[in-house]
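Going by UniProt numbering, 162 is the number at position 162 of the sequence shown; the sequence numbering is gapless. Even glycine gets a Cβ: it sits at the ideal position worked out from N, Cα and C. As the structure is a computational prediction, the values presented were derived from the model and not from experiment. Okay, so here's the structure we're looking at.
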Amino acid sequence: MNSFEDNLLELIRSHPTLYRNKDKKHKSLILKENCWKEIAKSLNKKRQNVEITPIKAVRRIGDELIVLCKVPYQIDSCRMIVGTTSYRLIPGNQEGDVVYSGQGLTTGECGAHIKNIREDWNGNVTCVLPPQSSNIEVTGTMRLLVARAPGDPHLISPPQPQFKDEDIFSAQCVVPNGRPAAKILWFLDDEQLLEGVHQPVVTDEPGSDLQTVSQNITRTIRADDNNRMLACRAEHEALDQPREAKRQLIVHYPPKRLESGPITVFGLKLGAEGKLNVTVRSNPPPTAVWMVGDIRITAPHSTDNGAITALEPLHLGNGHYNVSLHLARITKEDVERTYYLQVFNDLGREEFTLRMSTMDEPAGVELDTGAIVGIVVAVLVLLIAVFLGVFAFATDRWCFAGRSHRIDMPDGADSEAPLPSHDDIKGSENPTHDHAEYITNGNSKLPEKKPDTAV
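Dropping the structure here:
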């Protein structure tokens, strides 16, 4: 055996996946294909380096592909094996399904322009070039996948017709027999789902190069999911349009209030008719019971005299219901009364307290986060300024400095009284110094400077 065959046997031995039937990876076409790619790369390194682009390509039937092999020396021939046929490529000859492409043999380029790709060309494309030395041809190999559209996606999900709020929902999407494997995307109506999506699992179909892909999704069901459409979408190079499998989610949940605390209905008028309204979310539809004093009214019913009517909850869409109590004529007693409403279905209940008012609804002042932060900062700055002012006043600092050293002379005091000597004040050793004396004229006190006197 020559060195090439020795190298090939050595590389095959280092990849037991290729020949050991008991190896768990032996049945995987993808893993074995990767092994052959590694062997091909190693052989090219051990022999002469052949640069081939692209290494892998996916094309539809009827598409075109250009494969370029290049070596760092001049060549005198170029062959390309596509499918089971070996093509001798000559620059300048552009007739046929596979023709030469490149800058010429003198540049070391052996390229093929593959026209009108066929199904049976799926597999390896190999270029064969003469060696720079020795008598062994050099080769480069790339992988051509001729795309084949997969089958329709299948959505496998729990059989129950509806779910409850906070249920854990799991589903699986399977897209069979594609080449290569299809890409799966999950949507809830038009919203793409990313959270809870598991990694796809690709399996090889026995006896073929087709692949089936499956992917699971796990989601916590919410009330907002009710009536929304869950879809798994399959995208593939051989498909003009994605294919989808869908199911609608029906979610049941107890009544949910949209506002907290007691409710006051404003703008009602004495002597006129009025209505108390509450909006709730519920699925299935809620039952409403009103308590007006000692009277219990279940919708849709009225009091014996017809003065008060509990209306049937009105569906507003998407699980929202308007629950109303109609009063034919509002009296002072109605305004002073507290009304109680209980809304329930099979999954739970919600209770409301309502009052009515003849006053107009007060205008609300809504502040955004920026305005609130600005007010807080302004108050802090004001508090700091006040604190600093009090501190400066108490400690005779800054603009209050010298406040306690001013000398106020009482009325009638001797304006000629001598001031303390400069030495007494500053402890100066200079025998020559200035004296300032206060001259009193009415209530004004002005300092008068005397000339220096020798001591």
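Considering only their Cβ atoms, is the gap separating residue j from residue i smaller than 8 angstroms?
{"i": "Val71", "j": "Val99", "result": "no"}
{"i": "Val278", "j": "Leu347", "result": "no"}
{"i": "Arg245", "j": "Pro153", "result": "Note on residue identity: the sequence assigns Ala, not Arg, to residue 245. Contact: yes."}
{"i": "Met80", "j": "Tyr87", "result": "yes"}
{"i": "Gly62", "j": "Asn21", "result": "no"}
Alpha carbon to alpha carbon, how far is residue i from residue j?
{"i": "Met291", "j": "Gly196", "result": "45 angstroms"}
{"i": "Gly151", "j": "Leu144", "result": "21 angstroms"}
{"i": "Arg397", "j": "Pro262", "result": "55 angstroms"}
{"i": "Ser101", "j": "Val82", "result": "15 angstroms"}
{"i": "Ala149", "j": "Arg233", "result": "14 angstroms"}
{"i": "Pro313", "j": "Ser157", "result": "33 angstroms"}
{"i": "Val213", "j": "Gly317", "result": "38 angstroms"}
{"i": "Ser3", "j": "Asn135", "result": "In this predicted model, Ser3 has a pLDDT of only 47, less than 50, meaning its place in the structure is not dependable enough to derive any value."}
{"i": "Leu31", "j": "Ile90", "result": "36 angstroms"}
{"i": "Thr17", "j": "Arg60", "result": "30 angstroms"}
{"i": "Ser42", "j": "Ile184", "result": "35 angstroms"}
{"i": "Leu239", "j": "Val174", "result": "16 angstroms"}
{"i": "Val335", "j": "Pro286", "result": "27 angstroms"}
{"i": "Glu10", "j": "Leu155", "result": "46 angstroms"}
{"i": "Met409", "j": "Phe387", "result": "Residue confidence for Met409 is low, a pLDDT of 48 falling below 50, so the modelled location carries little weight and cannot support an answer."}
{"i": "Ser77", "j": "Gln215", "result": "48 angstroms"}
{"i": "Leu383", "j": "Ala310", "result": "55 angstroms"}
{"i": "Val365", "j": "His301", "result": "Reliability of the predicted coordinates at Val365 is poor, the pLDDT of 47 falling under 50, and the value obtained from them is presented with this limitation in mind. Approximately 39 angstroms, taken between the alpha carbons."}
{"i": "Val373", "j": "Val381", "result": "12 angstroms"}
{"i": "Ser415", "j": "Val390", "result": "In this prediction, Ser415 has a pLDDT of 43, which is less than 50 and means its spatial position is unreliable; nothing more can be read from the coordinates."}
{"i": "residue 465", "j": "Thr395", "result": "In the structure as shown, the chain begins at 1 and stops at 455. Residue 465 is therefore absent and cannot be evaluated."}
{"i": "Glu237", "j": "Phe187", "result": "20 angstroms"}
Considering only residues of the same chain and omitting the five flanking positions on each side of residue i, which have a CB-CB separation below 7 angstroms?
{"i": "Pro161", "result": "Ile250"}
{"i": "Ala417", "result": "Because the pLDDT of Ala417 is 45, which lies under 50, any placement of that residue in the model is unreliable, and the number read from its coordinates should be weighed accordingly. Same-chain partners within the cutoff: there are none."}
{"i": "Phe266", "result": "Ser357, Met359, Asp360, Glu361"}
{"i": "Asn430", "result": "Bear in mind that the predicted position of Asn430 carries a pLDDT of just 45, short of 50, making it unreliable; the figure below should be weighed with that in mind. Here the set comprises nothing."}
{"i": "Ser28", "result": "Asp204"}
{"i": "Thr303", "result": "Ile295, Ile297"}
{"i": "Lys269", "result": "Ile330, Thr358"}
{"i": "Pro242", "result": "Arg233, Ala234, Glu235"}
{"i": "Glu137", "result": "Val128, Leu129, Pro130, Pro131"}
{"i": "Asp165", "result": "Ile221, Arg222, Ala223, Val251, Tyr253"}
{"i": "Ile75", "result": "Leu105, Gly108, Cys110, Leu129, Pro130"}
Apart from the five residues on each side of it in sequence, which residues of its chain come closer than 6 angstroms, Cβ to Cβ, to residue i?
{"i": "Asn226", "result": "Val251, Asn283, Gly319"}
{"i": "Tyr19", "result": "none"}
{"i": "Lys275", "result": "Ser324, His326"}
{"i": "Ala413", "result": "Because the pLDDT at Ala413 is just 45, under 50, the model does not fix this residue reliably, and the value given afterwards should be weighed accordingly. Within the same chain, Ala413 has no close Cβ partners at all."}
{"i": "Ala328", "result": "Glu273, Ala307"}
{"i": "Ile407", "result": "With a pLDDT of 47 at Ile407, under the threshold of 50, the modelled position of this residue cannot be trusted; read the value that follows with caution. Cβ within range, chain order: n/a, list empty."}
{"i": "Thr264", "result": "Arg355, Ser357"}
At a Cβ threshold of 8 angstroms, is residue i touching chain D?
{"i": "Arg397", "result": "In the displayed structure, chain D is absent; only one protein chain is listed."}
Considering Cα atoms alone, identify which of the options is closest to residue i.
{"i": "Leu194", "options": "Cys69, Leu230, Asp334", "result": "Leu230"}
{"i": "Gly104", "options": "Asp97, Cys173, Gly96, Gly92", "result": "Gly92"}
{"i": "Asn177", "options": "Ile55, Val146, Leu210, Lys183", "result": "Leu210"}
{"i": "Met142", "options": "Gln132, Ile136, Val128, Asn135", "result": "Val128"}
{"i": "Thr53", "options": "Thr17, Ser42, Gly140, Arg118", "result": "Gly140"}
{"i": "Gly271", "options": "Ser14, Gly293, Glu333, Gln215", "result": "Glu333"}
{"i": "Val58", "options": "Glu95, Ala181, Ile12, Gln215", "result": "Ala181"}
{"i": "Arg337", "options": "Leu354, Val343, Arg349", "result": "Leu354"}
{"i": "Gln192", "options": "Arg228, Lys164, Ala223", "result": "Arg228"}
{"i": "Lys56", "options": "Asn116, His301, Val125, Lys25", "result": "Val125"}
{"i": "Glu119", "options": "Ser77, Thr309, Leu188, Arg179", "result": "Arg179"}
{"i": "Asn345", "options": "Val289, Met80, Gly374, Asp23", "result": "Val289"}
{"i": "Arg281", "options": "Gly293, Thr107, Leu380, Glu351", "result": "Glu351"}
{"i": "Trp36", "options": "Arg13, Asn21, Asp23", "result": "Arg13"}
{"i": "Phe163", "options": "Val343, Glu237, Gln248", "result": "Gln248"}
{"i": "Gly123", "options": "Glu33, Gln94, Asp97, Thr395", "result": "Glu33"}
{"i": "Gly293", "options": "Lys25, Tyr339, Asn305", "result": "Tyr339"}
Cutting at 8 angstroms between CB atoms, please list the residues of its own chain near residue i, excluding the five before and the five after it.
{"i": "Trp121", "result": "Val82, Gly83, Ile114, Leu144, Val146"}
{"i": "Asp189", "result": "Arg228, Met229"}
{"i": "Asp23", "result": "Pro16, Thr17"}
Would the C-beta of residue i count as close to the ligand FAD, meaning under 7 angstroms from any of its heavy atoms?
{"i": "Glu33", "result": "The ligand FAD is not among the ligands present in this structure, which contains no ligands whatsoever."}
Exercise for review: Determine, using beta-carbon pairs with one atom in the stretch 248 to 258 and one in the stretch 195 to 202, whether at least three such pairs fall under 8 angstroms.
Suggested key: no
Review point. Between the stretch 157 to 172 and the stretch 211 to 221, are three or more C-beta pairs nearer than 8 angstroms?
Key: yes
Practice item. Could you tell me whether the stretch 108 to 121 touches the stretch 61 to 75, using the rule of 3 or more Cβ pairs below 8 angstroms? Key: yes
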